[in-house]
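Engineer:
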Amino acid sequence: MPELPEVEAARRGIAEQLTGRAVTGLELYRPRLVQAAPGLSLDLLPGRRLLEVGRQGKYLWLVFEPLAAVVHLKLTGQLVARGDAIPGFAAGHPVPPYDAPLPHKSTALRLDFEPDIQLYLTDVRHFARVWLLPADDLMRYVEQLILGPDLLSPDFTFEAFRQRLERRRSGRLKPTLLDQSVVAGIGNIYADESLWQARLHPEQVVGTLSENDLVRLYEGIKETMRLAVPMGGARILHGKAVPPVGEFPFVHGREGQPCPRCGTTIVKLQVNGRGTYLCPRCQPAPVSWPRGTVATGRLAARE
Ligand SMILES: [Zn+2]
Numbered sequence: 014m015p016e017l018p019e020v021e022a023a024r025r026g027i028a029e030q031l032t033g034r035a036v037t038g039l040e041l042y043r044p045r046l047v048q049a050a051p052g053l054s055l056d057l058l059p060g061r062r063l064l065e066v067g068r069q070g071k072y073l074w075l076v077f078e079p080l081a082a083v084v085h086l087k088l089t090g091q092l093v094a095r096g097d098a099i100p101g102f103a104a105g106h107p108v109p110p111y112d113a114p115l116p117h118k119s120t121a122l123r124l125d126f127e128p129d130i131q132l133y134l135t136d137v138r139h140f141a142r143v144w145l146l147p148a149d150d151l152m153r154y155v156e157q158l159i160l161g162p163d164l165l166s167p168d169f170t171f172e173a174f175r176q177r178l179e180r181r182r183s184g185r186l187k188p189t190l191l192d193q194s195v196v197a198g199i200g201n202i203y204a205d206e207s208l209w210q211a212r213l214h215p216e217q218v219v220g221t222l223s224e225n226d227l228v229r230l231y232e233g234i235k236e237t238m239r240l241a242v243p244m245g246g247a248r249i250l251h252g253k254a255v256p257p258v259g260e261f262p263f264v265h266g267r268e269g270q271p272c273p274r275c276g277t278t279i280v281k282l283q284v285n286g287r288g289t290y291l292c293p294r295c296q297p298a299p300v301s302w303p304r305g306t307v308a309t310g311r312l313a314a315r316e
């Protein structure tokens, strides 16, 4: 679940409230959380100051010279910081509730910062990971993740987006948007929202998009981020959108509710095994196929 807006909320919280502070202690509740380069361990952190926090797509990193920690929250990771000296923040998956007593039975790590501040990483499904590596290797490590441009970075231009999609002409739209090497940061929720904004069907083949479609898709992604990032992410609990109809998110988690644009009932279908929400009127099923291919039922099934 945590996608770019949720991870960005964590990055901002850490940048504003923890940067410059020294680590004073820690407790690792779930050793499998951490994968460390040879010679490194979390025990090297106490006494080190947090110098910098960065993010690309859904990857977050914290730099404590001479080591860096790369964090991926995967499906259900959550970061919560508490302490009298800071306002505190919570970001990521909404379960357990952000105000639950911590540590929770699913808490994997607690990092203590001066003065008496705790940062908790909690993950009910235990897929989240922290990689420890020498700070000098950080950028090389991030490069080998082969991530596309981050949606909030100046590198995410229309031209860069078009070129990335050009290499994926035979792919269907939603799986292509979920591919982090195309663009970094979109997951299931914001793919649905971006496609609804752009009035495009998630199963349309990339190569069939017109120039106008591409512009709408690019703008739809930007608009979705513009709405989601200041909120720290869409409010979705147990698969259902929490805000009233007409508020963000507009389609994801809203099966059976009216489309805020045209009133048609929003439907849920499976695309590559992912629950996908759309308005069947605003986002009609694709009728055209890539130039140079034969539009047969067999091709459709294989795509
Ligand atoms: Zn509609």
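Residues in the sequence shown are numbered from 14 upward in steps of one, following our numbering. The beta-carbon is built from N, C-alpha and C at its ideal position, and this holds for glycine as well. Being a predicted model, the structure only gives us computed values, none of them experimental.
Just verifying my parser: in three-state terms, what is the DSSP assignment at residue 392?
Structural biologist: The chain is shown only over 14 to 316; residue 392 falls outside these bounds and no answer can be derived.
Engineer: With residue 147 as the anchor, note down where its beta strand (DSSP E) starts and where it stops.
Structural biologist: Segment 142-147, the beta strand (DSSP E) holding residue 147.
Engineer: I need the DSSP call for residue 132, collapsed to helix, strand or coil.
Structural biologist: Correct three-state label for residue 132: strand.
Engineer: Can you tell which of 18, 62 and 19 has its C-alpha closest to the C-alpha of residue 33?
Structural biologist: 62
Engineer: Report yes or no: do the segment 38-57 and the segment 96-105 share at least 3 C-beta pairs separated by less than 8 Å?
Structural biologist: no
Engineer: Could you tell me the alpha carbon to alpha carbon distance between residue 127 and residue 24, rounded to whole angstroms?
Structural biologist: 19 Å
Engineer: Assuming contact is defined by CB atoms lying nearer than 8 Å, are residue 164 and residue 198 in contact in what I supplied?
Structural biologist: Yes. Within cutoff.
Engineer: Measure the C-alpha to C-alpha separation of residue 124 and residue 149 and round it to an integer number of angstroms.
Structural biologist: 22 Å
Engineer: Counting along the chain, where does the beta strand (DSSP E) carrying residue 68 start and finish?
Structural biologist: Segment 65-69, the beta strand (DSSP E) holding residue 68.
Engineer: Express the C-alpha separation of residue 202 and residue 280 in angstroms, rounding to a whole number.
Structural biologist: 14 Å
Engineer: In chain order, what residues of the same chain lie with their CB nearer than 8 Å to the CB of residue 269, ignoring the 5 residues before and after it?
Structural biologist: Hits under 8 Å: 278 and 279.
Engineer: In angstroms with no decimal places, state the Cα-to-Cα distance between residue 306 and residue 217.
Structural biologist: Here residue 306 scores only 44 on pLDDT, less than 50, and its place in the model should not be relied on; the value that follows carries that caveat. C-alpha separation (whole angstroms): 14 Å.
Engineer: With a threshold of 16 other CB atoms inside 10 Å of the CB of residue 251, please say whether the residue is buried or exposed.
Structural biologist: exposed
Engineer: Where does residue 89 land, buried or exposed, given buried means 16+ other C-beta within 10 angstroms?
Structural biologist: Buried.
Engineer: Taking C-alpha atoms, which residue in 209, 221 and 222 lies nearest to residue 236?
Structural biologist: Of all alpha-carbon atoms in 209, 221 and 222, the one lying nearest the alpha-carbon of residue 236 is that of 209.
Engineer: At which residues does the alpha helix (DSSP H) containing residue 29 begin and terminate?
Structural biologist: 17-30
Engineer: So, at 8 Å on beta carbons, what are the nonlocal neighbours of residue 66 in its own chain, with the 5 sequence-adjacent residues on each side left out?
Structural biologist: 24, 27, 28, 31, 32, 73, 74, 75 and 76
Engineer: Could you tell me if the beta carbon of residue 277 falls within a distance shorter than 7 Å of some heavy atom in ligand 1?
Structural biologist: yes
Engineer: Starting from the C-beta of residue 297, find all residues in its chain whose C-beta is less than 8 Å away, skip the five residues before and the five after it, and write them out in chain order.
Structural biologist: 214
Engineer: For ligand 1, any of its heavy atoms closer than 7 Å to the Cβ of residue 274?
Structural biologist: yes
Engineer: Pick from 255, 249, 229 and 253: whose alpha carbon is nearest that of residue 106?
Structural biologist: When only C-alpha atoms are compared, the closest one is 249.
Engineer: Just to confirm, is the Cβ distance from residue 108 to residue 143 under 8 Å?
Structural biologist: no
Engineer: Under 8 Å between the Cβ atoms of residue 245 and residue 22?
Structural biologist: yes
Engineer: Taking its Cβ as the centre, do 16 or more other Cβ atoms sit within 10 Å of residue 159, making it buried, or is it exposed?
Structural biologist: exposed
Engineer: Going by DSSP, what residues sit across from residue 39 in a beta bridge?
Structural biologist: 124
Engineer: At the level of alpha carbons, what is the spacing between residue 87 and residue 180?
Structural biologist: 26 Å
Engineer: For the alpha helix (DSSP H) that contains residue 173, what are its first and last residues?
Structural biologist: 171-179
Engineer: Mind checking if residue 82 is an interface residue toward chain D, Cβ cutoff 8 Å exclusive?
Structural biologist: In the structure shown, chain D cannot be found, because there is only a single protein chain.
Engineer: Within the present structure, is the beta-carbon of residue 294 separated from the nearest heavy atom of ligand 1 by less than 7 Å?
Structural biologist: It does: the Cβ of residue 294 is within 7 Å (strictly closer) of some heavy atom of ligand 1.
Engineer: Would you kindly work out how many angstroms separate the C-alpha atoms of residue 220 and residue 299, rounded to a whole number?
Structural biologist: Approximately 12 Å between the Cα atoms of the pair.
Engineer: Apply the 10 Å Cβ neighbour rule to residue 172 and answer buried if 16 or more other Cβ atoms are within range, or exposed otherwise.
Structural biologist: Classification of residue 172: exposed, given that the 10 Å Cβ count is below 16.
Engineer: Starting from the C-beta of residue 1, find all residues in its chain whose C-beta is less than 7 Å away, skip the five residues before and the five after it, and write them out in chain order.
Structural biologist: Residue 1 cannot be examined here, being either before or after the span of the chain that is shown, 14 to 316.
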